[in-house]
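Each residue of the sequence shown is one higher than the one before, counting from 95 in our numbering. Positions of the beta carbon are idealized from the N, C-alpha and C atoms, including for glycine. Note that the structure is predicted; figures quoted are calculated from it, not measured. In what follows, a single structure is set out as structure tokens and then discussed.
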Amino acid sequence: MARQHTCDKATRYGSPVWEKTFPVLGKGTLLFNIKRDKPFYIAVCNKEGDENAETTILLEVDEHGASFCTQQRPLVSSTNHTGYEPLKIVTYWYSYDSDNMTVKYGKGYCMEETTLLKYTFTDKSDRVKYFDPAKRRVVKLFNSNPLVSHRSSWRSKMNKLLKGSTEPSDTLVDVEKKIMFSPYPLMCNRPPFVRDSSLSNMMDIDLGEITYSSSLPEACQDLYDNVKGDDMSLDYGEKEYTLTDAIRHSIEDENGLLHKTLEKKKNEFGSHDQIYLRITLGKNFGNSPGIPYVLEIWPKKCGSPIHGHGNSCAVIRVLHGGLTISIYNKNTTDEMAKPLKEFDVKKDDVTWIAPNWYQTHKLWNKQMTSVRLFSVISMEIKTTYIGHSSTTSIQNPIQLMYLCQIQISISKKCTIK
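Shown next, in the form of structure tokens:
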């Protein structure tokens with residue numbers, strides 16, 4: 095059911111609780127992560143000039159829904175889970191794209207799947223009015239409705255609104271700390287699969303199904319360079335028994351070290367099939383919340399709970415088998431929630447994680463072993479699981495691997511399945 099909304103031509107207003115000039119001329123996305131129990135309003139307008147009221151595109155979010163409007167008319171509205179969510183910390187975002195004359199609103203990660211409202215202006219005159227490339231734009235956040243009827247004129251009050259007011263108003267606690275202002279609007283999703291930029295070609299660039307390594311965030315680029323080599327393998331070198339076989343045997347043998355370790359970890363996340371092993375590799379150089387290189391071993395038909403990685407950057411390379419990755423929206427708490435998207439990865443596939451991309455997911459294995467590498471933006475970010483803290487890691491990984499190989503050599507029972 096469409097939400098009816100009109101914009102009065104006379105207004106009363108309060109002071110903005112936050113405002114900022116767009117860092118890139120005519121483009122940007124405002125994201126704020128906060129708990130709301132009352133409506134909020136975001137105005138985007140020209141920074142200077144006498145015609146600020148006429149250049150404003152306003153987003154209103156209340157408990158019933160959300161809407162975009164201008165001074166002249168309502169644009170689009172919806173009551174389908176678009177309003178603020180009381181008692182929950184939610185990321186609300188507003189994307190402003192002058193190239194395509196498009197505004198978008200959503201909740202959670204800034205993705206196509208989380209977009210709740212979208213409006214594209216089509217009249218050529220709207221470009222000059224709302225998306226003039228020669229004019230600086232400013233975004234302002236309000237706690238009070240700037241479109242409430244008042245005896246004063248719209249232009250007088252709206253101009254005062256856009257310049258700020260000395261009238262008292264409610265404020266957001268530490269609002270600046272809870273807001274991120276990106277210089278880029280949401281135009282399309284970034285592909286989850288990574289390929290080395292040295293292998294780029296026109297066909298793949300045109301299809302847009304791959305993120306090339308040079309386009310990754312800087313932290314992900316470093317990690318990708320460290321795992322892309324041919325020697326990043328479980329079974330390099332010539333040995334009587336491969337490490338992959340040794341790991342599999344140690345998991346399947348009731349007396350195996352890995353089997354016993356997995357038994358101890360059963361029900362760690364509340365379900366016997368939500369279980370896997372994490373083996374840290376290398377040293378912590380201080381640029382991560384722990385040792386950044388992790389070998390993950392997943393038994394058959396097992397996986398992880400839904401979990402988020404905060405503001406971390408990561409690169410995952412699959413070393414053996416296959417894996418299904420389910421992507422969820424930010425702050426998803428229901429284990430039965432429908433994923434935003436799913437994709438399968440296989441041996442030598444590489445995928446990535448960044449602050450807005452693929453942060454909250456669930457991994458499920460057919461039978462695979464993967465290397466995951468983390469380098470976090472914030473040293474205080476930790477992986478969080480629904481209803482649980484972080485999983486434990488096996489210590490002394492090199493000794494563990496040798497024990498697996500020694501055990502298989504003694505038993506001579508390894509079979510490949």
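DSSP three-state call for Thr-338: helix, strand or coil?
helix
Environment of Phe-236 [buried if 16+ CB atoms lie within 10 Å]
buried
Taking 7 Å as the limit between beta carbons, can you name the residues of its chain near Pro-110, skipping five residues before and five after?
Lys-234, Leu-235, Phe-236, Gly-258
For His-175, count neighbouring Cβ atoms within 10 angstroms of its own Cβ and tell me buried if that reaches 16, exposed if not.
exposed
Measure the alpha-carbon distance for Asn-459 versus Arg-130 and round it to whole angstroms.
38 Å
For the alpha helix (DSSP H) holding Arg-221, just list the boundary residues, first then last.
218-224
Cβ contact check for the stretch 431-443 and the stretch 121-140: 3 or more pairs under 8 Å
no
Straight-line CA distance for Lys-394 to Val-321?
24 Å
Contact under 8 Å by Cβ, Tyr-178 with Glu-157:
yes
Going by DSSP, name the residue or residues bridged to Phe-126.
Tyr-186, Ile-273
Taking the straight line between their C-alpha atoms, what separation do you get for Lys-114 and Val-232?
6 Å
Return the CA-CA distance between Ser-307 and Asp-319, expressed in angstroms with no decimal places.
Their Cα atoms are separated by approximately 9 Å.
Going straight from the alpha carbon of Thr-338 to that of Ser-327, what length do you get?
10 Å
Measuring CB to CB, does Thr-150 end up less than 8 Å from Val-288?
no
For the candidate residues Asn-378, Thr-418, Ile-385, whose alpha-carbon lies nearest to that of Gly-397?
Ranking Asn-378, Thr-418, Ile-385 by Cα distance to Gly-397 puts Thr-418 first.
Thinking C-alpha only, which one of Val-184, Ser-192, Pro-180 is nearest Leu-125?
Val-184
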